[in-house]
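The numbers in my numbering rise by one with no breaks, and the one at position 264 of the sequence shown is 271. A virtual CB, placed ideally from N, CA and C, is assigned to each residue, including glycine. Read through the structure below, which is laid out as structure tokens, and then see the notes.
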Amino acid sequence: LMAAFTCLFLHLGSPQKLYYYLFSPNPASPLWWLGMLYGLYLIVLLLSFRKMHKARVSKGLGVFTFIVAIATSTALGWLFGLPDARPVYNANFLTMYFPLTGFASALAAVLLFSLAYHHFAKIPLSEGDRNLYDDLGKLFGFVMALTLVFFIWRTIVGGLSATAVEFAGFRHMLSSGWYHLALWFGLVIPLVLIAMPAVRTTTWGKITSAILFLGGMFAGRLEMVLSGLVMPTGPKAEGQPAFASYWPTIWEVFVFVAALAVLLLIYTLGERHFKLAGTSE
Numbered sequence: 008l009m010a011a012f013t014c015l016f017l018h019l020g021s022p023q024k025l026y027y028y029l030f031s032p033n034p035a036s037p038l039w040w041l042g043m044l045y046g047l048y049l050i051v052l053l054l055s056f057r058k059m060h061k062a063r064v065s066k067g068l069g070v071f072t073f074i075v076a077i078a079t080s081t082a083l084g085w086l087f088g089l090p091d092a093r094p095v096y097n098a099n100f101l102t103m104y105f106p107l108t109g110f111a112s113a114l115a116a117v118l119l120f121s122l123a124y125h126h127f128a129k130i131p132l133s134e135g136d137r138n139l140y141d142d143l144g145k146l147f148g149f150v151m152a153l154t155l156v157f158f159i160w161r162t163i164v165g166g167l168s169a170t171a172v173e174f175a176g177f178r179h180m181l182s183s184g185w186y187h188l189a190l191w192f193g194l195v196i197p198l199v200l201i202a203m204p205a206v207r208t209t210t211w212g213k214i215t216s217a218i219l220f221l222g223g224m225f226a227g228r229l230e231m232v233l234s235g236l237v238m239p240t241g242p243k244a245e246g247q248p249a250f251a252s253y254w255p256t257i258w259e260v261f262v263f264v265a266a267l268a269v270l271l272l273i274y275t276l277g278e279r280h281f282k283l284a285g286t287s288e
């Protein structure tokens, strides 16, 4: 979450004016609700970590955190689906797709970081831990299969069967490398790996599937955003090519690297200072 906030903060034209958001609320704006919910999400997460050694309080905060997490991801789908000129951002679809892919990405991240930590720290897995990660691998495979179903239906409804001119951008992106990275390397290959018991029960199988899925989610998010932007619309589209081309600039790459650095820093600090072994079941 802090890594995402880092990206947003670095993209603001005048980040020093962020206080206007706090002192001039606009409940009619979905963007305001999104910011409010993500701010609440951060506060609840911090409280959850602070109270995680108190079983009763921790359980209540955990349930509330889950509710806020669902609210933020569905609000994000609502925000994307508002522009009438971009029907490819279907709010009905994204309000379900974002929570689903968020859950799958969380499972992938837990498997990746936990198993990588055990590997590089040379800490052998206990029988209980091994069974836990095997169960998480099965759940990850199930959620990934649901994600693939949603992905395919999005392709059919928004790309292959849609005839409206506003969907031309998505049809154009179906032949892009980002789309095929998301489909084949992010969903099909890791799902095949995790569906094979001989691979799923191994550490390298779970780590490989998690890395491929997370990389595919990155490509898929980029493809999804570009699907609504590559085709110029409105008066300013006159004289422009039918589809615009895009490749990340060096500054955008630096923003991504900075966010990744923040993520790894917070993970390292949490691993050192939070006594997770002492938490109650």
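Reference residue i; option with closest CA among the options
i	options	result
arginine 93	Gly165, Gly212, Leu19, Ser182	Gly165
threonine 72	Phe87, Leu272, Leu53	Leu53
alanine 202	Thr81, Asp141, Val262	Asp141
threonine 162	Thr256, Phe100, Lys58	Phe100
leucine 17	Leu272, Gly277, Val260	Val260
glycine 222	Ala115, Ala244, Arg57, Thr81	Ala115
alanine 98	Gly235, Ile130, Ser65, Pro239	Gly235
serine 112	Val264, Leu194, Arg137	Leu194
tyrosine 253	Ala244, Ser183, Leu25	Ser183
leucine 15	Ser65, Ile218, Phe192, Phe263	Phe263
lysine 145	Ala217, Ala251, Pro34	Ala217
leucine 233	Ala251, Phe220, Pro242	Ala251
threonine 148	Thr208, Gly277, Ser31	The sequence as given places glycine at residue 148; threonine does not occur at that position. Checking every option, the nearest Cα to that of glycine 148 belongs to Thr208.
Close beta carbons around residue i, own chain, < 7 Å, minus the five adjacent residues each side
i	result
histidine 125	Leu132
tryptophan 85	Pro37, Ala98, Thr102
Alpha carbon of residue i to alpha carbon of residue j, nearest angstrom
i	j	result
glycine 42	methionine 9	13 Å
lysine 213	leucine 270	21 Å
threonine 117	leucine 44	Reading off the sequence, residue 117 comes out as valine, not threonine. Rounded to the nearest angstrom, the two C-alpha atoms are 23 Å apart.
glutamate 173	valine 95	7 Å
serine 21	proline 204	52 Å
glycine 176	tyrosine 274	38 Å
valine 199	alanine 189	15 Å
tryptophan 185	leucine 267	20 Å
arginine 137	threonine 215	17 Å
phenylalanine 1	methionine 224	Residue 1 is absent from the model: the chain starts at 8 and stops at 288.
phenylalanine 87	tryptophan 191	25 Å
arginine 57	phenylalanine 12	21 Å
Contact set for residue i: own chain, Cβ-Cβ below 8 Å, skip 5 residues either direction
i	result
tyrosine 48	Leu8, Thr72, Val75, Ala76, Thr79
valine 51	Leu68, Phe71, Thr72, Val75
asparagine 33	Trp39
Beta-carbon spacing of residue i, residue j below 8 Å
i	j	result
threonine 240	leucine 122	no
methionine 231	histidine 179	no
leucine 229	proline 197	no
Inter-stretch contact (C-beta, 8 Å, three-pair minimum) for the stretch 98-117 and the stretch 150-169: The stretch 98-117 makes contact with the stretch 150-169: 3 or more CB pairs, one atom from each, lie closer than 8 Å.
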